[in-house]
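Counting in the working numbering, the sequence shown runs from 713 upward without gaps.
Cβ coordinates follow ideal geometry from the N, Cα and C atoms, glycine included.
If you're wondering where the values come from, they're calculated on a predicted model, not measured in any experiment.
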Amino acid sequence: MPTREMLYTEVESLIREHGKASFEIGSIPITLELSHRHERYYAASLLLDIRYPQGDVDRALFRHFVKAGDQVLDAGANIGVTALELLEAGARRVIAAEPIPELFARLASLPTDRVVPIEQAISAAPGHATMTVSLAHNQGSSLKDEVLALFPSIFGDTHRTLSVATTTIDALRAEHGSFDIWKLDIEGAEVDALAGARETLTHRPPRIIIAELYGELRHTFREHLRDTHPHGHRVFLRKSDYQLDFTDVDAEPGESHHHTSPMFVFSQKPIV
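As structure tokens, then:
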């Protein structure tokens with residue numbers, strides 16, 4: 713990936729906090745709303761030659777693992793940035809699930825038929841569930857009480873909730889075909905997603921699973937995948953060369969790593 717010498721924090725104060733900015737990711741346009749902090753960071757990293765580790769670790773993982781022609785499940789697709797990055801990395805098609813109506817509307821507006829928007833949350837069973845909405849920004853909304861306990865500040869003293877439709881990975885595979893890669897960023901519901909993927913894991917498991925896993929969830933997640941994806945790693949971006957560092961699942965970030973959300977990869981074969 714490009715060498716970026718300047719961190720986004722060095723230009724953060726210069727970025728406007730209102731208005732919109734449009735960019736292309738892999739020749740497909742997307743509009744970012746600058747009132748949202750993480751969208752400002754995406755905009756800065758698309759416009760300037762700077763380092764934004766939180767976004768760059770996703771791009772680096774996609775470039776490392778996506779193969780031309782892959783079909784990818786993007787669970788927790790938000791407004792579609794990662795879906796477009798997956799296409800840019802070589803994916804043939806991305807099935808992108810996002811249950812929050814405001815975010816889904818933006819995801820569904822992307823001008824490409826290679827991103828298939830799904831207005832459902834990925835869970836253990838089809839139906840409906842109560843989602844608590846992040847009040848701090850337009851990321852982080854969750855189905856799980858454990859996540860609310862981990863990050864109380866983003867949900868506020870009075871919770872805003874909404875009922876969302878849920879589906880399973882097994883159901884999505886039956887409708888859209890098999891997936892080569894899963895990207896799971898569903899705020900604590902990742903183990904539930906595995907429970908709704910038993911048939912898929914038995915008969916047509918993905919080559920790679922990329923997941924954001926907080927706290928002790930990594931251990932439960934790994935146990936569910938020991939038979940199908942025995943090669944698990946926590947992934948960091950090194951400060952020294954800005955490359956991916958595949959470590960033990962139990963590893964914690966050190967001084968040599970950039971700060972990002974806790975990212976993990978589980979593979980059927982050893983990672984090279």
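Item, Value
"Sequence ranges, beta strand (DSSP E) only - wholly within the region 790-853, length at least 3", "805-809, 827-830, 839-844"
"For Asp782, the three-state DSSP class (helix, strand or coil)", "coil"
"Beta-carbon proximity of Asp882 to Glu911, cut-off 8 Å", "yes"
"Environment of Met713 [buried if 16+ CB atoms lie within 10 Å]", "Residue confidence is low: Met713 scores 48 on pLDDT, short of 50, so the model does not pin down where it sits. Its coordinate-derived value is still stated next. Met713 should be labelled exposed."
"contact_flag[the region 799-809, the region 906-921] where n(CB pairs < 8 Å) is 3 or more", "no"
"Own chain residues within Cβ distance below 8 Å of His840, not counting five before or after", "Ser875, Val876, Ala877, Thr878"
"Cβ neighbour criterion (16 or more within 10 Å) applied to Glu722", "exposed"
"Delimiting residues of the alpha helix (DSSP H) encompassing Arg992", "Beyond the ends of the chain as shown, which are 713 and 984, falls residue 992; an answer cannot be given."
"Ile740 vs Thr824 beta-carbon contact at 8 Å", "yes"
"Leu929 burial status per 10 Å Cβ neighbour count (16 or more: buried)", "buried"
"For Glu729, the three-state DSSP class (helix, strand or coil)", "coil"
"Pair within 8 Å by beta-carbon distance, Val806 and Val827", "yes"
"Candidates Leu746, Thr743, Ala836, Val845, of which the one nearest Asp869 by Cα", "Val845"
"Burial state of Lys981, where buried means 16 or more other Cβ atoms lie within 10 Å", "exposed"
"Residue closest to Glu899, alpha-carbon to alpha-carbon, out of Val778, Ala909, Lys732, Ile812", "Ile812"
"Exposed unless 16 or more other CB atoms sit within 10 angstroms - verdict on Thr880", "buried"
"Inter-stretch contact at 8 Å, needing at least 3 Cβ pairs: the region 746-761 / the region 948-958", "no"
"Nonlocal neighbours in the same chain, by C-beta distance under 6 Å from Val977, ignoring five residues either side", "Ile922, His945, Val947"
"Same chain, Cβ closer than 6 Å to Leu906, neighbours up to 5 away in sequence not counted", "His936"
"Start-end ranges of the beta strand (DSSP E) lying completely within the region 930-982, minimum 3 residues", "943-949, 956-959, 975-979"
"Chain-order list of residues whose beta-carbon lies under 7 Å from that of Tyr720 (same chain, five-residue window excluded)", "Tyr753, Ala756, Ser757, Ile762, Arg763, Tyr764"
"Exposure label - Lys779; buried when at least 16 CB within 10 Å", "exposed"
"Cβ neighbour criterion (16 or more within 10 Å) applied to Pro838", "exposed"
"Residue of Phe891, Gly738, Leu925 minimising C-alpha distance to Ala909", "Phe891"
"Whole-angstrom distance between Ile893 and Asp782, CA atom to CA atom", "7 Å"
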